[in-house]
Structures are given as structure tokens and as C-alpha cells.
Amino acid sequence: MTKDSPMSSVVPVMVPMPAERPYSYAVPEDMRVEPGSIVRVPLGPREVAGIVWDGPGEAVAAKKLRAIAGVFDCPPIPEEMRRFVDWVASYTLSPPGMVARMLLRAPAAFDPEPPTEGLRLVEGMGPDRLTAARERVLEMAADGQAWTKAGLGHAAGVSSSVIEGLRTQGVFETVSIPPRPVVAAPDPAFGRATLTDGQAEAADRLREKAGADAFSVTLIDGVTGSGKTEVYFEAVAAALERGKQVLILIPEIALTQAFLERFHDRFGAKPAEWHSDLAPKKRERVWRQVAEGQLRVVAGARSALFLPFRELGLIVIDEEHDPAYKQEDRVFYNARDMGVVRGHIGGFPVVLASATPSLESRVNANQGRYERIVLSSRFADAALPELATIDMRKAAPERGGFLSPVLIEEMKKTLARGEQSLLFLNRRGYAPLTLCRVCGHRFQCPDCSSWLVEHRFRRQLVCHHCGYNEPRPEACPECGTLDHLVACGPGVERITEEVDQLFPDARTIMLSSDMMGGVKRLRLELEAIAKGEADIIIGTQLVAKGHNFPGMTLVGVIDADLGLANGDPRAAERTFQLLAQVTGRAGRTGRKSLGLLQTYQPEHPVMRAIVTGDAEAFYERETAERERAGLPPFGRLAGIIVSAATRQEAESHARGLRRAAPQAYELDVLGPAEAPLALVAGRHRFRLLVQGTRRADIQGFLRDMIKAGPRPRGSVRVQVDIDPQSFL
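When we follow the UniProt record's numbering, the leftmost residue of the sequence shown carries the number 1, and every step to the right adds one.
Printed below as a string of C-alpha cells:
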């Protein structure tokens, strides 16, 4: 296309960069685009992919107007997806271009996948000489189906030269084989499970919701092992029967091989996966086939919410309470909340499922916004584990150890019965702090305000915030004394070391997200545990992600108080959820089971709620406290993090923002103050908190505040987090 090509119209194009609005581009006269078309446009000295947006393009002087360079052969992005991008951008105060960028993460998928060259038997043709090898090939190809050369050769057990010889003689003709689906189509009627009366009643209600062309939100609140997955599978089946696509969001999807297998058992095929560990080629194929409507079910991490579904008719958000649904990078959003918005925009049902629902979802159910379905008993009437606290003030570990004698004794009994024990500690590595016994030197990250964590198995000291690492020295770098470095406090590696000393003959597995071998090894380890190939498992929070370990009858929580001391308004709720999920790993197949919580605060409301099983009392108390403090979901909250290369720059800009805050009766600005993690990856951080009533227009307030405040200059960056989940 030349510069002199005639132009017929001007359209807005959303480009994947921090743009506050679409840019205007001219459409050449010989080109056809529509809202949603994915196009190639010039942007500065390069060309990028963008999406033709809604409405007329902005008036731009003709000499400044640049033309769209090309249109990709790709289904247009649906209108409801474009509305969703605009809504997320407006709510999170993110540039729409950055939200659109999440939608355009597979650029190689914008062009169709090329067909594969195949071979098909020509009717009536035969070879000049029939050998045993040729006969096997002809038998395999006799049904008239097209084969790839490699596939036919493998199936018939012959070399490619045998097949090439038959093609040369005209026995086979060359044909194009269209791209194959990433996964087979699911069959809603394939493997219907036998449900209990309670499950069947819940499933009927969900099928009714999924069969309606209307927005609704249903919360499945069921104890661990109550069959929530089987129940929402019935909603998935109902949506598939209506010809709709389904999205199932799961935290840590890369670890949930068991879920994929359960889906296969129910529907005769696995869902397509979408997560960061997926190979690039596979990601491209999934993106394209979702856009074409070829893939009917996707199970994915939070980013799957931005796949370009053509006929989305149901979203299921499993473990809806999980913090992994919150993204805290570039665009700050909570996939649970945005999933509900996606359903509202598309006019279809959303299902939330959890054994420990978030307080926000419980309040929404209490206020009638969501329907709540309760599954109060385990499948096949399996008993919930008996739970008890171990008061560490009365049953302290041996010197140098971290396991109470009470817990050790129960582990011995469990091992003698041939059953499995799980020890949970939400702390990676060997020890959270290493210091010198002579001079008191502490190993700290040079780029963050945090201690270096010892990983003894790798002989490294590692920062869990920026990734900095250094070898663990033999001598103190401050005073030079040899062999006087001491590890303070336990991580899972240290607990594993203690277990190996106490139970040298037991088969022990340690599970942590930073294990060597990554996701592939983790999946193999989880599979081995499920098969009973381990006696004692030591793990971090990833063991609480809904896994089913049939042989597990004892769960020991090493430090049940760990999450209660960080000053986070959600600390009690998070601790309750995590401990309830972990102890719920025990006794899922009906065996008598036990959960023990090592704590210095056995009288704490969280500990009492877990041990007594009185979740309702805990939720009532926590709800009342949040309402009294005006915290979400009864009030609005937003965080602003100002970071810069120097402390002075960050503090100065944060104070400038504070001075620019408009006067609003229903909103207060707290700070600025140094963030609890004041230095991360060499950047100094100051935080402001904006708090107000539920009615307050917090987004409008923040827009005015940022607009009136100083412009970020130099190294200064400003990040806005609506509905913050972390206060570090």
C-alpha cells in the first residue's frame, strides 16, 4: 500500500501500550474493517497489532493521519469483550491500552494456523508390486481418511521411504489436513457422576441457572471433600448442551493435574489449559481456537479471563477465596470480581466455589446479590477430621527442633498404620534469617528491605522479593569468624531435615514452589503422593490447593500463628481459610483423621473457629469487625504506591499527591508513609491509602487527585490498586 492510496474513513484503534484512549487511523479504500478487527498499524518507527475500537475516530489533521497497514485474518474481538476491557480499565484506573494488551498476548495466533500436508489413498490405484510393508500401509489407509506421512508410517510400522514410494506411483494423493483441535470436544452426557441427594439438589439448581439466558451469581459453599467440583460440572454440562463456551478459573492451574483428570472422567476429554507454563505454540493454538469457537471449555489461571471467547455462556471460579486471583503487576485486578463483571456484561451465569468463601462473597450472599448453596457434609458421609490445637507453651519442641512431642507421637502412630502425614509450613527455604553468633551480622538483600532466606539444599541465600541470591559463606562477611553463622527460625527445608532425623526410614517428600524441576516435577510429586508412594509430606501453601490425597489421615500445622502477626486487615480471614483448607486434606476417603495446629494462641478466635468447626461464628465476628471499621465490603479502599530510585524522590512525589487530594466528605487519605517493604528491587516505596464509604466515587476521587498532583518525572512510578489484597 502506498502513501497515495485513497482513504475511505477514519477509525479508532486500541494499541497495546499505556494509551488512555484509542488512536485514529485511516482505512484505505480497498480495506474492510469493523469494530473488533485485529489490525496492523504503524506506531512510531514500528508496526504493532491493535484492535479497531467502537465509535468514530478522533479528528486528526490529514497530514498527521497514518493508515492501517493490514488486517489479520482473525475473527473480530466480540463487542462484549471490548466493553469488558473498557470497564476493567475504568474500574482499575489503568490505561485501556494496557488492558487490551492482555487480550493480545498471542500475536502469532492472529493469522490462521497453516494446514498440514497429508496423504489420502486414491481409489482404484494399487502399487506395481505388493510387499508386506506396503500391504500394512494400504490396510491402515483403506478407510479413505487423510494421514500425515509420519503418522501413517508410525501406525503401519514402516519407514517413510515405503510411503514415499507409494505416493510416487500415484497410490496416494496429496491433500491438506486442517489444524487439529487442541483437545477433543467434551461430551456433556459422557460420565455423569452418581450424586448424593444434597449434591443432586445443588446440581439441579445450577443446571437451571446455566440453562437460562440471564446473569446470576451462585456461591457453592461446601466443606472440603463435599463434591463441589462434581456439582459445578453439571452446570458446565448444561452450558455445553446450550452450545455455549465455558471458562473455569483455577488458582495454580499448572499444579492441578488431578482436576484435568476429573474433568476427563466426566466429559470424556480434557479441557484446554491456559497458564504461564504453557508452551508458546500451544498458547497460540488455544487463543486462536477459542476465538474461532472451536474450543468449548478452557481451564485456566486468572489471565484466561482475557481470552477472546466467541460464545461464552458460563464462568466457574473455583477456590474463589484464593489470593492468587489478584494480579499486582501493571494492571491491578481481582479475577474473581472481574469474572462476575464479565458475566454481567455478557448476560450469563457465574458460579463461585469454595470451602472457605471470601468475606466479600459471604456478605454478597447474605445481602441477596448472590445465591448461596451449602454442601455441609462430605461425599459418601466421610467424616471431617478431628481438629485440635497443641499449646506450644505447654508442649514445646526439643531444643533445636520445631515439632511438638504431641505431633511427633501422632506421626509415629500414623506411620505404623501405613497412612500418610502432612506437615504444613507456609515458609519456603531452610530459614527466614541467617545471622552471625559473634557479631550479630544479619544477611539482608542489598536491593530490598528484607532478610535473605537460606536455601540449604542449594547452598544459597535468596531474596524472595527481587530474586537476588548469593552463595552461603562459611565465614561472617562482617567479622570474618568461621562456622558461627546460625539459621534462625524454620522453613520447609529445615522441617524436612528434622523429619529425616526423627523418621529415617520414612519416605519423605518436600513440596515447595521453588523446587528444582518446576511445575513438571511438582505434578509428578503430587501424583506419587496420591498413589501412596510417600509417608510424610512437608509443604508450603501449594499443598492447600484442593488436592485429593486418599491415604492422608494426619495434618500438622507447624506454625498456625504465622499469618496473624502482619497487620493486614484480612489476616484473620486469610489464616482461617488457609488452615481450614490444609486440615481439609485429611480423611477425604472416609478414614478416621486428625488435624493438629501448633500455636502459642490457642484461645485466638481463628483457632477456636477451626477446632470447633464453627465457621459461621467466625464469619459473623469478622463481618461485624469489618463493618465497624468501614473496611471492604462495607467501605471502599484503594492503595497508591509511589516508587522511585531514591527515597527523597518517592517521598516528595507522594506528599505532592497528598496535597492534591480533593476535599471529599466520604473519603479520607491516610499517609504517605513508607510501605512495610520500603525498598524492593532497588526502588524506594511510599504508600497512601484512600478509605471511604460504600457510596463514595473512589475512582473519580483518585482521577482528580492524580490529575491535580505532580507529573511523574525521572524514575518516579505511581501504581493504583483498587480493593488492595496485600498491604506490603
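C-beta: ideal position from N, C-alpha, C; glycine also. Remember, it's a predicted structure, so these values are computed and weren't measured experimentally.
Whole angstroms are fine: how far does the CA of LEU679 sit from the CA of SER715?
One-based indexing of the sequence shown puts residue 715 at position 715. One-based indexing of the sequence shown puts residue 679 at position 679. Between SER715 and LEU679, the C-alpha separation is close to 14 Å.
How far does the beta strand (DSSP E) with ILE315 in it extend, from its first residue to its last?
In the sequence shown, counting from the first residue as 1, residue 315 sits at position 315. Where ILE315 is concerned, the enclosing beta strand (DSSP E) stretches over 312-318.
Report the rounded CA-to-CA distance for ARG180 versus LEU578, giving the unit in angstroms.
For the purposes of this step, residue 180 is taken as residue 180 along the sequence shown, with counting starting at 1. For the purposes of this step, residue 578 is taken as residue 578 along the sequence shown, with counting starting at 1. Taking the straight line joining both Cα atoms gives about 41 Å.
What separation, rounded to the nearest whole angstrom, lies between the Cα atoms of LEU670 and MET338?
Residue numbering aside, residue 670 sits at position 670 when the sequence shown is read from its first letter. Residue numbering aside, residue 338 sits at position 338 when the sequence shown is read from its first letter. The straight-line gap from Cα to Cα measures roughly 27 Å.
For TYR333, which three-state DSSP category applies?
Within the sequence shown, the letter at position 333 stands for residue 333. Strand, per DSSP.
On the three-state DSSP scale, how would you describe LEU53?
Along the sequence shown, read from residue 1 onward, the residue named residue 53 stands at position 53. The sequence given here has Trp at residue 53, not Leu. Shown here, TRP53 sits in coil according to DSSP, grouped into three states, outside any helix or strand.
Check this for me: beta carbons of residue 753 and ALA200, under 8 Å apart or not?
Outside the displayed span of the chain (1 to 728) sits residue 753, for which this structure offers no information.
Identify whether VAL11 lies in helix, strand or coil by the three-state DSSP scheme.
Residue 11 sits at position 11 when you count from the first residue of the sequence shown. Strand, per DSSP.
By a C-beta neighbour count over all protein chains shown, 10 Å radius and 16 as the cutoff for buried, is GLN245 buried or exposed?
As a position in the sequence shown, residue 245 is number 245, starting the count at 1. When all chains shown are included, GLN245 counts as buried.
So is ALA335 buried or exposed if we call it buried at 16+ other beta carbons inside 10 Å?
Position 335 of the sequence shown, counted from the start, is the residue given in the question as residue 335. Counting the other Cβ atoms within 10 Å of the Cβ of ALA335 gives 16 or more, which makes it buried.
Give the range of the alpha helix (DSSP H) segment to which GLY700 is assigned.
Numbered from its first residue, the sequence shown carries residue 700 at position 700. For GLY700, the enclosing alpha helix (DSSP H) stretches over residues 698-708.
CB of GLU370 within 8 Å of CB of THR218, strictly
Here residue 370 corresponds to residue number 370 of the sequence shown, with the count starting at 1. Here residue 218 corresponds to residue number 218 of the sequence shown, with the count starting at 1. Per the sequence shown, residue 370 should be read as Tyr rather than Glu. Result yes, Cβ atoms of TYR370 and THR218 sit closer than 8 Å.
With 16 other CB atoms within 10 Å as the buried threshold, where does PRO325 fall?
What you label residue 325 is simply residue 325 of the sequence shown in a count that begins at 1. According to the sequence displayed, residue 325 carries Tyr and not Pro. When all chains shown are included, TYR325 counts as buried.
Under DSSP, the alpha helix (DSSP H) around GLN501 begins and ends at which residues?
Along the sequence shown, one-based indexing puts residue 501 at 501. Where GLN501 is concerned, the enclosing alpha helix (DSSP H) stretches over 492-502.
Could I get the ranges of all uninterrupted beta strand (DSSP E) runs contained in the stretch 198-236, with 3 residues as the minimum, in chain order?
For the stretch 198-236, whole beta strand (DSSP E) runs of length 3 or above, ordered along the chain, are 216-222.
Excluding the 5 residues preceding and the 5 following VAL438 in the sequence, name in chain order all residues of the same chain whose CB lies nearer than 7 Å to its CB.
For the purposes of this step, residue 438 is identified with residue 438 of the sequence shown, where counting begins at 1. A distance below 7 Å between beta-carbons, with the five flanking residues on each side excluded, links VAL438 to the following residues of its chain, in chain order: CYS476, CYS479, THR481, HIS484.
Does the Cβ of SER159 have 16 or more other Cβ atoms within 10 Å, making it buried, or fewer, making it exposed?
To locate residue 159, count along the sequence shown from 1; it is residue 159. Under the 10 Å beta carbon count, SER159 is surrounded by fewer than 16 other beta carbons and is classified as exposed.
Take GLU58 and list the residues in its own chain whose beta-carbon comes closer than 6 Å to its own, dropping the five residues that flank it on each side.
Residue numbering aside, residue 58 sits at position 58 when the sequence shown is read from its first letter. Hits under 6 Å: SER24.
Buried or exposed: where does TYR232 fall if 16 or more other Cβ atoms within 10 Å of its Cβ makes it buried?
Residue 232 sits at position 232 when you count from the first residue of the sequence shown. It counts as buried.
Just the Cα atoms here: how many angstroms apart are VAL718 and HIS653?
The count along the sequence shown starts at 1 and reaches residue 718 at position 718. The count along the sequence shown starts at 1 and reaches residue 653 at position 653. Cα-Cα distance, rounded: 9 Å.
Just curious, the alpha helix (DSSP H) that TYR619 is in, first and last residue?
For the purposes of this step, residue 619 is identified with residue 619 of the sequence shown, where counting begins at 1. 615-629 is the extent of the alpha helix (DSSP H) around TYR619.
Between the Cα of GLY400 and the Cα atoms of VAL331, GLU497, ALA109, which residue gives the shortest distance?
The residue labelled residue 400 in the question sits at position 400 within the sequence shown. Measuring from the Cα of GLY400, the nearest candidate turns out to be GLU497.
Find out if the Cβ-Cβ distance for the pair ALA210, LEU352 is shorter than 8 Å.
Counted from its first residue, the sequence shown places residue 210 at position 210. Counted from its first residue, the sequence shown places residue 352 at position 352. No, Cβ-Cβ distance for ALA210 and LEU352 is not below 8 Å.
Check ALA142 in the structure and name its three-state DSSP category.
Taking the first residue of the sequence shown as position 1, residue 142 is located at position 142. Residue state, collapsed to three classes: coil.
Burial state of VAL486, where buried means 16 or more other Cβ atoms lie within 10 Å
Taking the first residue of the sequence shown as 1, we reach residue 486 at position 486. Exposed, by the Cβ-count rule.
To the nearest angstrom, how far is it from the Cα of ARG523 to the Cα of VAL543?
Locating residue 523 in the sequence shown gives position 523, where the first residue counts as 1. Locating residue 543 in the sequence shown gives position 543, where the first residue counts as 1. C-alpha separation (whole angstroms): 12 Å.
Look up GLN548 in the DSSP assignment and give the residues it is bridged to.
Looking up residue 548 in the sequence shown gives position 548. The residue you asked about is not Gln; residue 548 is Asn in the sequence shown. ASN548 is not bridged to any residue.
Is SER5 helix, strand or coil by DSSP?
Along the sequence shown, read from residue 1 onward, the residue named residue 5 stands at position 5. Residue placement at SER5 is flagged as unreliable, the pLDDT there being 47, under the threshold of 50; the coordinate-derived value follows with that caveat. SER5: coil per DSSP, three-state reduction.
Applying the 10 Å Cβ sphere with the 16-neighbour rule, what's the burial state of GLN327?
Along the sequence shown, one-based indexing puts residue 327 at 327. Counting other Cβ atoms within 10 Å of its Cβ, GLN327 reaches 16 or more and is therefore classed as buried.
Just to confirm the assignment, what range does the alpha helix (DSSP H) spanning residue 783 have?
The question about residue 783 has no answer, for the chain in this structure spans 1 to 728.
For GLY518, is the classification buried or exposed, using 16 other Cβ atoms within 10 angstroms of its Cβ as the cut-off for buried?
Translated into positions along the sequence shown, residue 518 becomes position 518. With fewer than 16 other CB atoms across the displayed protein chains lying within 10 angstroms of its CB, GLY518 is exposed.
Distance CB(GLY144)-CB(LEU121) smaller than 8 Å:
Translated into positions along the sequence shown, residue 144 becomes position 144. Translated into positions along the sequence shown, residue 121 becomes position 121. The answer is yes: Cβ separation under 8 Å.
Are the C-beta of ALA89 and some C-beta of chain B separated by less than 8 Å?
Looking at the structure shown, chain B is missing, and only one protein chain is on hand.
Sequence-distant residues of the same chain with beta carbon closer than 6 Å to GLU173, five excluded per side:
Within the sequence shown, numbered from 1, the residue matching residue 173 stands at position 173. Excluding positions up to five away in sequence, the list reads ARG120, VAL122.
Where LEU384 and PHE443 are concerned, what is the direct C-alpha to C-alpha distance, given to the nearest angstrom?
Taking the first residue of the sequence shown as position 1, residue 384 is located at position 384. Taking the first residue of the sequence shown as position 1, residue 443 is located at position 443. Rounded to the nearest angstrom, the gap between the Cα atoms of LEU384 and PHE443 is 43 Å.
Whole-angstrom distance between ARG427 and ASP329, CA atom to CA atom:
As a working note, residue 329 is residue 329 in the sequence shown. As a working note, residue 427 is residue 427 in the sequence shown. Each residue's CA atom was taken as its position, placing ASP329 and ARG427 some 23 Å apart.
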